[in-house]
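Counting along the sequence shown from 1, when you hit position 96 you're at 95 in numbering that gives the first Met the number 0, and nothing is skipped either side. Think of the CB as a built atom: it goes at the ideal place given N, C-alpha and C, for glycine as much as any other residue. Read through the structure below, which is laid out as structure tokens, and then see the notes.
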Amino acid sequence: MAELTTIQAITVLILPVLFAITVHEAAHGWVARRLGDHTASMLGRVTFNPLKHIDPVGTVAVPLLMYLFSGFLFGWAKPVPVDFRNLRNPRRDMALVAIAGPGSNLLMAIGWALAIKVGMLMGGELRWVALPLIYMGSAGIMINSILMVLNLLPILPLDGGRVVAALLPPPLAARYARMEPWGLIIVIGLLVSGLLGTLIQPGIDLVQWFATSLAGLR
Numbered sequence: 000m001a002e003l004t005t006i007q008a009i010t011v012l013i014l015p016v017l018f019a020i021t022v023h024e025a026a027h028g029w030v031a032r033r034l035g036d037h038t039a040s041m042l043g044r045v046t047f048n049p050l051k052h053i054d055p056v057g058t059v060a061v062p063l064l065m066y067l068f069s070g071f072l073f074g075w076a077k078p079v080p081v082d083f084r085n086l087r088n089p090r091r092d093m094a095l096v097a098i099a100g101p102g103s104n105l106l107m108a109i110g111w112a113l114a115i116k117v118g119m120l121m122g123g124e125l126r127w128v129a130l131p132l133i134y135m136g137s138a139g140i141m142i143n144s145i146l147m148v149l150n151l152l153p154i155l156p157l158d159g160g161r162v163v164a165a166l167l168p169p170p171l172a173a174r175y176a177r178m179e180p181w182g183l184i185i186v187i188g189l190l191v192s193g194l195l196g197t198l199i200q201p202g203i204d205l206v207q208w209f210a211t212s213l214a215g216l217r
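Listed below in structure tokens is the structure:
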């Protein structure tokens with residue numbers, strides 16, 4: 000999207016970003032409900048309405064400023080509340096609830112890759128539809144790849160941290176959980192130092208390769 004102006008690029012990003020965060024958070028709540036916890040459902044968080052999941056700072060201000068000043072997207076949505084005590088098998092199900100978010104991002108990356116394929120198959124007369132679709136598809140693959148890999152980092156409160164906590168023996172899991180208040184600070188520190196991009200770029204490249212390969216774009 001290097002050929003787009005800043006305003007055009009932001010316009011292209013809006014829909015993929017909203018889809019990415021909304022489906023990611025709704026997936027957590029949906030899986031939790033299937034496994035016995037209805038907390039998110041009762042609070043109206045198992046929904047595709049993005050307004051229910053948007054955090055004004057983490058979903059709007061921070062990603063916008065990060066993109067304008069660094070070209071890198073980073074942010075967060077309001078976390079979906081889950082009462083792990085209500086889950087039928089709390090330790091196993093905690094991991095399943097956590098992995099649902101990144102899993103949804105993988106499916107969306109594949110979906111956006113298929114959207115690019117559709118755009119490429121459109122004739123010249125539909126260029127006014129095809130071009131925005133291709134641009135949004137490219138943005139969707141990028142955003143969902145970043146969200147998936149970033150959330151799989153083994154740092155609480157990220158999804159990868161939840162999976163690790165579920166797999167550890169209870170005494171170690173309790174000690175591991177003590178890092179949660181510092182998790183966001185650790186991630187921001189990695190971002191500012193430049194290490195975050197180095198850590199997650201190989202995973203992002205792999206997800207993008209997988210999605211575009213499945214869609215027949217390679």
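- Counting the other CB atoms within 10 Å of its CB gives residue 27 a total of 16 or more, which places it among the buried residues.
- In the DSSP assignment, residue 101 falls within the unbroken alpha helix (DSSP H) covering 89 to 120.
- Per DSSP, reduced to three states, the secondary structure at residue 187 is helical.
- Residue 153 holds the alpha-carbon nearest to the alpha-carbon of residue 199 among 153, 170, 173 and 180.
- Taking the CA atoms as reference points, residue 38 sits about 35 Å from residue 191.
- Going by DSSP, residue 204 is part of the alpha helix (DSSP H) stretching over 194 to 213.
- For residue 39, the enclosing alpha helix (DSSP H) covers residues 38 to 41.
- In the DSSP assignment, residue 53 falls outside any alpha helix (DSSP H), carrying neither H nor E.
- With a cut-off of 8 Å on Cβ pairs, the segment 146 to 162 is not in contact with the segment 117 to 129, counting fewer than three such pairs.
- Under the three-state reduction of DSSP output, residue 44 falls in the coil class, being neither helix nor strand.
- With contacts defined as CB atoms closer than 8 Å, residue 22 and residue 103 qualify as a contacting pair.
- DSSP places residue 132 in the helix class (H, G or I) of the three-state scheme.
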